[in-house]
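Asker: Just dropping this structure here.
Residue numbers (UniProt numbering): 1 to 89.
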């Protein structure tokens, strides 16, 4: 009986210590994962080619995000755009 109480106590302590993955995911900003239109793709490629983007410059990616939002009204994450750029290369 004492052992089972200790096991239960240990189990409840483990639950409290482990971070909840659902909690951290819900705090992140979510962007709709829809297909990119041809116009959006041209805009993205134009900006990244002009800036000679190599995949490491965060300022350029922020510029692409702002431009897509301003011109097309679409919110895209930097990671989505990075992935599309690497797929196009």
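Glycine included, each C-beta is placed from N, C-alpha and C at the ideal position.
Using DSSP with H/G/I as helix, E/B as strand and the rest coil, what is residue 82?
Answerer: helix
Asker: Compute the Euclidean distance between the alpha carbons of residue 89 and residue 47, then round it to the nearest angstrom.
Answerer: 14 Å
Asker: When burial is assigned at 16 or more other CB atoms within 10 Å of the CB, is residue 19 buried or exposed?
Answerer: Confidence in residue 19 is poor, its pLDDT being 49 and thus under 50, which makes the residue's placement too unreliable to answer from.
Asker: What does a CB cutoff of less than 7 Å around residue 69 pick up in its chain, not counting 5 residues either side in sequence?
Answerer: 75
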